[in-house]
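In what follows, a structure is listed as structure tokens, so that the remarks can point back to it.
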Amino acid sequence: MGERDDYRFLDIKDAITSINQKVSLIGVIIECGFPKTTRGTDCFCTIKIVDGSYEKPGLPVNMFAEHFGMLPHVASFGDIIQLSNVMMKTHGGEVYAIFNKKSSTFAIYDRNDSEGFLPYQTYPIFIQRDVDKKLITRLRKWFIDLEFDEDSNNFSLMRELKEGKFADLACKVIHVQEFKGEWMGFLWDGTDAHPSSISSRLEDEKNNPLPLQPEQLHLSRDILSTFPTLGTVLRVVFDQGTKKHGLHLLHIGKWMKFINVYCDVNGGFWRGSFTPLTKFRYTHDKDRIVLERERLYNEREGLKFGRNPYWSFPLTFPITGVNYKDLPVVTLMDVLTYPEVTARFLCVVRVVAMYPWQAKDFSFNGVYRVRLTLEDATARIHAYLYGKDGTKLFGDQPTIDVLTRKRNALLGVATNDDGKEVEDGSARNPPWLQCCLKSYYLDKSDKWGSRHYRLYGTRLVVD
32 MGERDDYRFL DIKDAITSIN QKVSLIGVII ECGFPKTTRG TDCFCTIKIV DGSYEKPGLP
92 VNMFAEHFGM LPHVASFGDI IQLSNVMMKT HGGEVYAIFN KKSSTFAIYD RNDSEGFLPY
152 QTYPIFIQRD VDKKLITRLR KWFIDLEFDE DSNNFSLMRE LKEGKFADLA CKVIHVQEFK
212 GEWMGFLWDG TDAHPSSISS RLEDEKNNPL PLQPEQLHLS RDILSTFPTL GTVLRVVFDQ
272 GTKKHGLHLL HIGKWMKFIN VYCDVNGGFW RGSFTPLTKF RYTHDKDRIV LERERLYNER
332 EGLKFGRNPY WSFPLTFPIT GVNYKDLPVV TLMDVLTYPE VTARFLCVVR VVAMYPWQAK
392 DFSFNGVYRV RLTLEDATAR IHAYLYGKDG TKLFGDQPTI DVLTRKRNAL LGVATNDDGK
452 EVEDGSARNP PWLQCCLKSY YLDKSDKWGS RHYRLYGTRL VVD
């Protein structure tokens with residue numbers, strides 16, 4: 032890539048020294064930003080390109096056009112773009128190229144079509160010449176072995192997310208789906224997101240219960256069965272500023288890097304947003320960051336307590352005891368995707384809600400009937416507490432005051448020194464606890480559709 036040809040294509044390393052000059056370039060696209068409108072009437076997006084002379088950090092190219100349809104519509108990272116008459120500029124120490132909607136032109140070629148030289152998108156007035164084919168062939172061969180490693184410290188793990196902050200993430204795309212016009216990507220890196228505080232009031236569970244999934248419509252069991260059963264799957268939406276531009280770049284099963292993903296908590300679930308500031312970056316399967324995340328995950332799977340939630344260590348305040356300690360600990364996603372309808376499980380979870388919420392209503396005619404909402408880093412489910420299992424958990428005929436204290440201990444309700452609830456609107460942080468679960472069905476003709484869960488063999492060890 033070190034020579035200049037007769038068509039005046041420059042290597043990127045030479046172009047970055049040609050400040051305030053118009054140049055022609057050809058490079059591999061490794062990053063895309065979302066298209067947006069300028070303060071005027073133009074549309075704008077940023078791409079980043081590399082070649083053999085300039086792999087890091089890549090050259091940003093600011094693309095301007097009269098409307099979105101004239102901006103580059105990159106089909107896949109690694110595709111090749113040919114740019115003519117772009118102006119080289121510098122700002123704040125960073126060199127970049129500017130594509131002028133009137134005097135510049137571009138063409139984009141598939142990275143994998145080794146025989147073809149027909150661009151799949153061209154800008155008006157583009158003219159292809161024979162010399163282009165030689166350069167395209169050279170870039171295609173060079174890109175096959177490209178390993179674009181970056182410093183892992185620049186990318187946050189899922190367990191390092193901070194509420195209300197932007198994060199750069201390196202994740203595998205697990206799933207993409209539309210929910211009532213809203214597109215959502217499902218991202219995973221093998222680590223557990225920090226458990227969030229629960230801001231809802233106990234009484235909200237009657238008319239506005241905590242959702243079991245962040246999305247508007249529940250995912251089918253067939254889809255959930257494709258999810259990893261260890262580690263948080265982060266739901267990320269395309270906000271109004273991005274709509275669904277870039278959706279085609281989310282390839283299921285592929286690792287990608289995402290720059291500037293906004294992270295917040297909604298209904299106790301972590302949620303990300305692709306904003307106009309977000310960029311998608313090419314990631315090789317053998318990228319050092321990818322290999323590091325896969326190594327961390329594989330090491331965790333091999334540990335004796337690897338399926339315990341990351342944030343449950345150390346269990347300094349075990350508030351439950353279980354009868355079946357010989358069962359292996361599994362995650363709630365293991366429970367949801369277990370191949371048999373009926374089974375028994377040992378889990379480490381938090382109780383984030385109960386219904387009914389008042390202790391006096393836990394039993395009817397002396398029989399416990401309570402719905403618990405359980406969560407770990409992988410999922411949230413309803414588990415029912417019935418009859419003798421309730422007596423096992425709460426004790427034999429406790430007073431309402433004792434039962435209320437035990438409820439508060441399960442739900443992480445703040446109390447004063449006298450054990451009374453602190454009604455200051457503070458969020459709850461339920462403790463981690465071990466519990467035994469069993470799955471069962473209500474309708475023999477629809478076993479999977481009527482599958483439910485019960486808590487059993489678990490006792491509270493707090494007064």
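Position in the sequence shown counted from 1, then plus 31, gives you the working numbering. For glycine and all other residues, C-beta sits at the position ideal for the given N, C-alpha and C.
For K87, report the span of its beta strand (DSSP E) as first-last. Per DSSP, the continuous beta strand (DSSP E) segment holding K87 begins and ends at 85–96.
For the beta strand (DSSP E) holding N291, just list the boundary residues, first then last. Boundaries of the beta strand (DSSP E) harbouring N291: 286–297, taken from the DSSP string.
Compute the minimum distance between the beta carbon of L102 and the heavy atoms of the ligand FMN, and state whether it is under 7 angstroms. Only the bare structure without any ligand can be found here, which leaves the ligand FMN out of the picture.
For F376 and chain C, any beta-carbon pair shorter than 8 angstroms? Absent here is chain C; the protein component of the structure consists of one chain.
Apart from the five residues just before and just after A138, which ones in its own chain have a Cβ nearer than 6 angstroms to its Cβ? So the list reads Q113, P150, T153, F157, once near-sequence residues are dropped.
Euclidean distance between Cα positions of R22 and E234: Outside the displayed span of the chain (32 to 494) sits residue 22, for which this structure offers no information.
On the criterion of 16 or more Cβ atoms from any shown chain inside 10 Å, does R35 qualify as buried, or is it exposed? Any reading at R35 must be qualified, since the residue scores a pLDDT of 39, below 50, and its modelled position is unreliable; no value is offered.
If distances are taken between C-alpha atoms only, which option among F300, P242, T260, E213 comes closest to E194? Residue F300 is the option with its Cα nearest to E194.
Cβ of G262 within 8 angstroms of Cβ of D223? With contacts defined as CB atoms closer than 8 angstroms, G262 and D223 qualify as a contacting pair.
What residue range is occupied by the uninterrupted alpha helix (DSSP H) comprising K423? Residues 419–425.
Identify, in the order they occur along the chain, each residue of the same chain with its Cβ nearer than 6 angstroms to the Cβ of A390, setting aside the five sequence neighbours on each side. Counting only Cβ-Cβ distances below 6 angstroms, and skipping sequence neighbours, we find I431, L434, T435, R438.
Taking 7 angstroms as the limit between beta carbons, can you name the residues of its chain near R338, skipping five residues before and five after? So the list reads L261, V360, V361, T362, once near-sequence residues are dropped.
Mind checking which residues open and close the alpha helix (DSSP H) that includes V321? Note, V321: alpha helix (DSSP H), 319–333.
Can you look up R490 in the DSSP assignment and give me helix, strand or coil? Here R490 sits in strand by DSSP.
Jot down the residue ranges of each uninterrupted beta strand (DSSP E) in the segment 341–397, minimum 3 residues, whole runs only, in chain order. Counting only runs of 3 or more, we get 351–353, 374–386.
Whole angstroms are fine: how far does the CA of K53 sit from the CA of E191? Computed Cα separation, rounded: 43 angstroms.
Use the C-beta contact count for D37: other C-beta atoms within 10 angstroms, 16 or more gives buried, fewer gives exposed. Its pLDDT being 38, under 50, D37 is placed unreliably in this model, and the value from its coordinates should be taken loosely. Result: exposed.
State the Cα-Cα distance for the pair S174 and G109, rounded to the nearest angstrom. The sequence shown places Phe at residue 174, not Ser. Spanning the two alpha carbons is a distance of roughly 7 angstroms.
Which same chain residues, not among the five before or five after Y487, have their C-beta less than 6 angstroms away from its C-beta? If you ignore the 5 residues before and after Y487, its C-beta comes within less than 6 angstroms of the C-beta of D420, C467, K469, all in its own chain and listed in chain order.
With distances taken between CB atoms, is the gap from K285 to K164 smaller than 8 angstroms? Not a contact, by the Cβ cut-off of 8 angstroms.
Suppose the cutoff is 7 angstroms on Cβ atoms and the five residues either side in sequence are ignored; what does the same chain contact list for G298 look like? Within the same chain, G298 has close Cβ partners L241, P242, P245.
Taking contact to mean 3 or more Cβ pairs, one atom from each stretch, closer than 8 angstroms, check whether the segment 369–376 and the segment 319–329 are in contact. Fewer than three beta-carbon pairs drawn from the segment 369–376 and the segment 319–329 are found closer than 8 angstroms, and the two stretches are therefore not classed as touching.
One or two residues paired with W219 in a DSSP bridge: DSSP lists K203, V264 as the beta-bridge partner residues of W219.
Beta-carbon proximity list for K79, same chain, < 6 angstroms, skipping 5 on both sides: For K79, same chain residues with a beta-carbon under 6 angstroms away, outside a window of 5 residues either side, are I61, E62, G89, P91 in chain order.
Hey, could you find the ends of the alpha helix (DSSP H) I167 is sitting in? In the DSSP assignment, I167 falls within the unbroken alpha helix (DSSP H) covering 161–175.
Going by other Cβ atoms of all chains shown within 10 Å of its Cβ, with 16 needed for buried, is I50 buried or exposed? Counting other Cβ atoms within 10 Å of its Cβ, I50 stays below 16 and is therefore classed as exposed.
Comparing alpha-carbon positions, which option in L248, E236, G58, W219 lies nearest F210? Closest by alpha carbon: L248.
From this set, I43, R171, P307, which residue's C-alpha is nearest D144's C-alpha? Checking every option, the nearest Cα to that of D144 belongs to R171.
So what does DSSP say about N238, is it helix, strand or coil? Under the three-state reduction of DSSP output, N238 falls in the helix class.
Just the Cα atoms here: how many angstroms apart are G33 and E178? Bear in mind that the predicted position of G33 carries a pLDDT of just 43, short of 50, making it unreliable; the figure below should be weighed with that in mind. The C-alpha of E178 is placed about 19 angstroms away from the C-alpha of G33.
Per DSSP, what kind of secondary structure is S228 in: helix, strand or coil? S228: coil per DSSP, three-state reduction.
The alpha helix (DSSP H) that contains A408, what's its start and end? That residue, A408, is in no alpha helix (DSSP H); it is neither H nor E in DSSP.
Distance check for L250 and W479, CA to CA, integer angstroms please. Cα-Cα distance, rounded: 14 angstroms.
Go through its chain and collect everything with a Cβ distance to C76's Cβ below 6 angstroms, but skip five positions before and after it. Excluding sequence positions up to five before and after C76, its CB lies within less than 6 angstroms of the CB of G64, P66, M94, L102, all in the same chain and listed in chain order.
Thinking just about the alpha-carbon of each residue, which of T48, I47, I43, G71 is nearest to the one in T59? First, the residue type needs correcting, since residue 59 is Val and not Thr in the sequence shown. From the listed residues T48, I47, I43, G71, the smallest Cα separation to V59 is found for I43.
In terms of DSSP beta bridges, what is M148 paired with? Just to set this straight, residue 148 is Phe in the shown sequence, not Met. DSSP lists no bridge partner for F148.
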